[in-house]
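Comments concern the structure below.
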Amino acid sequence: MLWAVVTMAMPANAQRRISGTVEDDIDVIIGANVKEMDKNNRILNATVTDFNGNFTMTLKDDKSVLVVSYIGYKTVRIPVAGKNMFKIKLQDNAKVMDDVVVKGTKMSATTGLDIPEREFSGAVQTFDMAELDGLSFTSVDEALQGQIAGLDVVANSGNAGAGTTMRLRGTSTLNGNAQPLIVVNDHIFELPADATDGLDFSNLDNEEQFSTLLNVNTEDIESITVLKDGAAAKWGSKGSNGVIEIKLKRGKRGKTSVTFNYKFTGTWQPDGYEMLDGNQYTMFMKESYYNALNASKSIYEIDYNNTYPSIFHNFNKNTDWVDAVSRFGKEHHYYLTLSGGGEKATFRIGAGYDMNDGTNINQDFNRFSTMTALDYWVSDRIKFSSNINMTFTTRHNNTVANTANAKAYKAMPNMAIYAYDIYGNPVYDEYGNRQYFNMLPLAANESYSGGIDNDGTHTSWELRDMFQNGNPIAYANLSENKQKQYNLTPQFSVEYKLLGKESDEWRLNYVGDVQLNIYNTSEDAYNPAELITMPWIWGGKNTTYGYNNERNTVYNSE
Numbered sequence: 009m010l011w012a013v014v015t016m017a018m019p020a021n022a023q024r025r026i027s028g029t030v031e032d033d034i035d036v037i038i039g040a041n042v043k044e045m046d047k048n049n050r051i052l053n054a055t056v057t058d059f060n061g062n063f064t065m066t067l068k069d070d071k072s073v074l075v076v077s078y079i080g081y082k083t084v085r086i087p088v089a090g091k092n093m094f095k096i097k098l099q100d101n102a103k104v105m106d107d108v109v110v111k112g113t114k115m116s117a118t119t120g121l122d123i124p125e126r127e128f129s130g131a132v133q134t135f136d137m138a139e140l141d142g143l144s145f146t147s148v149d150e151a152l153q154g155q156i157a158g159l160d161v162v163a164n165s166g167n168a169g170a171g172t173t174m175r176l177r178g179t180s181t182l183n184g185n186a187q188p189l190i191v192v193n194d195h196i197f198e199l200p201a202d203a204t205d206g207l208d209f210s211n212l213d214n215e216e217q218f219s220t221l222l223n224v225n226t227e228d229i230e231s232i233t234v235l236k237d238g239a240a241a242k243w244g245s246k247g248s249n250g251v252i253e254i255k256l257k258r259g260k261r262g263k264t265s266v267t268f269n270y271k272f273t274g275t276w277q278p279d280g281y282e283m284l285d286g287n288q289y290t291m292f293m294k295e296s297y298y299n300a301l302n303a304s305k306s307i308y309e310i311d312y313n314n315t316y317p318s319i320f321h322n323f324n325k326n327t328d329w330v331d332a333v334s335r336f337g338k339e340h341h342y343y344l345t346l347s348g349g350g351e352k353a354t355f356r357i358g359a360g361y362d363m364n365d366g367t368n369i370n371q372d373f374n375r376f377s378t379m380t381a382l383d384y385w386v387s388d389r390i391k392f393s394s395n396i397n398m399t400f401t402t403r404h405n406n407t408v409a410n411t412a413n414a415k416a417y418k419a420m421p422n423m424a425i426y427a428y429d430i431y432g433n434p435v436y437d438e439y440g441n442r443q444y445f446n447m448l449p450l451a452a453n454e455s456y457s458g459g460i461d462n463d464g465t466h467t468s469w470e471l472r473d474m475f476q477n478g479n480p481i482a483y484a485n486l487s488e489n490k491q492k493q494y495n496l497t498p499q500f501s502v503e504y505k506l507l508g509k510e511s512d513e514w515r516l517n518y519v520g521d522v523q524l525n526i527y528n529t530s531e532d533a534y535n536p537a538e539l540i541t542m543p544w545i546w547g548g549k550n551t552t553y554g555y556n557n558e559r560n561t562v563y564n565s566e
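In the working numbering, the protein residues as written are 9 to 566.
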């Protein structure tokens, strides 16, 4: 039998405090739990007894219940009801336990309830993002690289902010979308179709799509689950290519914690094809023409003939175009988080900023993202939740999708980057800057019939692909392609446990939520006239392109 004698002392300007002693039939109990709980079974305050079995507590609500518990004794619940002293009698638990066996059951999330993992049939793989702490990722698709069996992640290009192609178990299609479905916090994550449209610019290469998964900061992710085959059936036909479910982090009860992360990543392009230098290139070109005609051939751009100084000084170099358009890439990642909460409410607020200078010159990507998660328990059956995510990204690129691959590997290695006059001196523009060399083959001035000219010395179209290719460095530095994307997704939900609350009870939960998607994207591109070779043929005007798309969408589910 256990008795507790409680006395109270309350200053005039303070809350009511109670104190007492917890005992059993033999002696006082050290470490007994004493909790103040409200009518919704939420803990308002808690303490434990000291070495003398005493405790003291400040009450937060006179209508609350005092709960005293200890291992081996039955729990006692006593209404406070304005009382100042309590006699609490704890009875010994008569059940005798020989052995204590603790069993843990892995649970798997389905369409609303967690069920034992062994009862769930399907190809499912989950990994915790905590396992990847210390590694630097820009987006979810990068984090998934090499982590999921059967998932292929291939980058569309090496540009900063570029999208990826993902395939689960080799799913492919000739004319449809084979990308897996992305689900974030039980909501299908998809941007408007216009967001994936590329730059369709006359005489320019198409730009690859923005990586849509850049809208989810990897620092906010708690776990990623990949559903394959029949396991993805719960998402209907949209999950036919597989499903990637992303669960975001939420606040936890406890004191407010502040964390700050900084990550730096250096990137560089691996060695590609071994390219010829200018001397090797011109030698092979001359040999190829000789073998075809069984006679020597004179081509001004590869002859190294100083009697044509305007050509000689611009076509006698050994230019490594791939190296010229490449650089050491730098990625800076900053992230600040505030997290905490009590028995009634928890919160998590995060903000991150990413700066990424790509491995191609004059390319960069910046992202600012925020994430706010709030949970409020009205009772042990009703919970309100909200998620507010916002991402703003800017991307500066060239009008050529990938300068190194599209232009540098095709450029003549004996051609100069910057223009030289007939005396071999650098040419400057009106602003004092070095002027880029713009290839204009002599054959272009003669005819377009093709074949060999009357004098047998020149072929009209033999270098057409070269002068159409242009100067890769000029394209990288003079052309512009700027993209901006803004995405805001507020989500509000309520969960009500209609039946049991524990995993060993019959349960029926109701979940209703509403989500807004406020999306805006814009793209501006500019191609200056000085990049256009043969302006009398291809046109010598500046070319511009502008695009803007705004979408507001409301999703509701129950």
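Beta carbons are placed, not taken as given, at the ideal position from N, Cα and C, and that holds for glycine.
{"Query": "What are the boundary residues of the alpha helix (DSSP H) that includes Y553?", "Result": "Y553 -> not in any alpha helix (DSSP H); beta strand (DSSP E) instead, spanning T551 to S565."}
{"Query": "Is the segment 393-401 touching the segment 368-378 in the sense that three or more CB pairs, one from each, lie closer than 8 angstroms?", "Result": "yes"}
{"Query": "Taking the beta carbon of I34 as the centre, do at least 16 other beta carbons fall within 10 Å, making it buried, or is it exposed?", "Result": "exposed"}
{"Query": "Go ahead and pull the three-state DSSP assignment for P498.", "Result": "strand"}
{"Query": "Since N406 and N370 are thought to touch, with beta carbons under 8 angstroms apart, how far apart are those beta carbons, to the nearest angstrom?", "Result": "6 angstroms"}
{"Query": "Pull up the DSSP beta-bridge partners for F373, would you.", "Result": "N364 and R403"}
{"Query": "Are the segment 86-105 and the segment 68-75 in contact at 8 angstroms, needing three or more beta carbon pairs?", "Result": "yes"}
{"Query": "Going by C-alpha to C-alpha distance, which of V109, W243 and Y343 sits closest to H195?", "Result": "W243"}
{"Query": "Thinking C-beta only, is E510 closer than 7 angstroms to R50?", "Result": "no"}
{"Query": "Sort out for me which residues DSSP pairs Q491 with in a bridge.", "Result": "R403 and E531"}
{"Query": "With respect to the beta strand (DSSP E) encompassing L301, which residues constitute its N-terminal and C-terminal limits?", "Result": "Taken as a continuous stretch (DSSP letters only), L301 belongs to no beta strand (DSSP E), being part of the alpha helix (DSSP H) at G286 to L301."}
{"Query": "Using 8 angstroms as the threshold, is the segment 283-290 in touch with the segment 324-333, meaning 3 or more CB pairs across them?", "Result": "yes"}
{"Query": "Check each candidate in S334, M174 and N422 and name the one with the smallest Cα separation from F292.", "Result": "N422"}
{"Query": "Assuming F63 contacts G28 under a Cβ cut-off of 8 angstroms, what Cβ separation, rounded to an integer in Å, is found between them?", "Result": "6 angstroms"}
{"Query": "Look at the alpha carbon of Q491 and the alpha carbon of F500, and state the distance between them as a whole number of angstroms.", "Result": "30 angstroms"}
{"Query": "Under a three-way DSSP split, which group does Q443 fall into?", "Result": "coil"}
{"Query": "Please say whether G61 and V84 have beta carbons closer to each other than 7 angstroms?", "Result": "no"}
{"Query": "Counting Cβ pairs, one atom from each stretch, are 3 or more of them under 8 angstroms apart for the segment 382-390 and the segment 342-360?", "Result": "yes"}
{"Query": "In angstroms, rounded to a whole number, what distance separates the CA positions of Y553 and S487?", "Result": "12 angstroms"}
{"Query": "On the DSSP bridge assignment, give the partners of Y270 in chain order.", "Result": "Y342"}
{"Query": "Comparing alpha-carbon positions, which option in W329, E339 and F94 lies nearest E282?", "Result": "W329"}
{"Query": "With which residues is D383 paired in a DSSP beta bridge?", "Result": "T354 and S393"}
{"Query": "Measuring straight from C-alpha to C-alpha, what distance separates N225 and Q277?", "Result": "25 angstroms"}
{"Query": "Which word fits E454, buried or exposed, when buried means at least 16 other C-beta atoms lie within 10 angstroms of its C-beta?", "Result": "A caution first: E454 carries a pLDDT of 37, below 50, which makes its placement in the model too unreliable to give a value."}
{"Query": "How far does the beta strand (DSSP E) with F320 in it reach, from first residue to last?", "Result": "From DSSP, F320 is part of no beta strand (DSSP E) but of the alpha helix (DSSP H) over P317 to F320."}
{"Query": "Tell me whether E438 sits in a helix, a strand or coil according to DSSP, three-state version.", "Result": "coil"}
{"Query": "Identify whether T233 lies in helix, strand or coil by the three-state DSSP scheme.", "Result": "strand"}
{"Query": "Strictly by DSSP, which residues pair up with A54?", "Result": "K43"}
{"Query": "Taking 7 angstroms as the cut-off, decide whether the C-beta atoms of N489 and A533 are in contact.", "Result": "yes"}
{"Query": "My guess is that N517 and L524 are in contact by the Cβ rule of under 8 angstroms, so how many angstroms apart are they, rounded?", "Result": "Contact flag wrong, Cβ pair sits at about 24 angstroms."}
{"Query": "Would you decide whether E230 is buried or exposed? Buried here means 16 or more other CB atoms lie within 10 Å of its CB.", "Result": "exposed"}
{"Query": "Might you give, ordered along the chain, the residues of its own chain that have their beta carbon closer than 6 angstroms to the beta carbon of N269, omitting 5 neighbours on each side?", "Result": "Y343"}
{"Query": "Can you tell me whether Y436 is buried or exposed? The criterion is at least 16 other CB atoms within 10 Å of its CB, across all chains shown.", "Result": "exposed"}
{"Query": "Which value, in whole angstroms, describes the spacing of the CA atoms of A332 and P434?", "Result": "18 angstroms"}
{"Query": "Please state whether DSSP places K505 in a helix, a strand or coil.", "Result": "strand"}
{"Query": "Thinking C-beta only, is N550 closer than 7 angstroms to P536?", "Result": "yes"}
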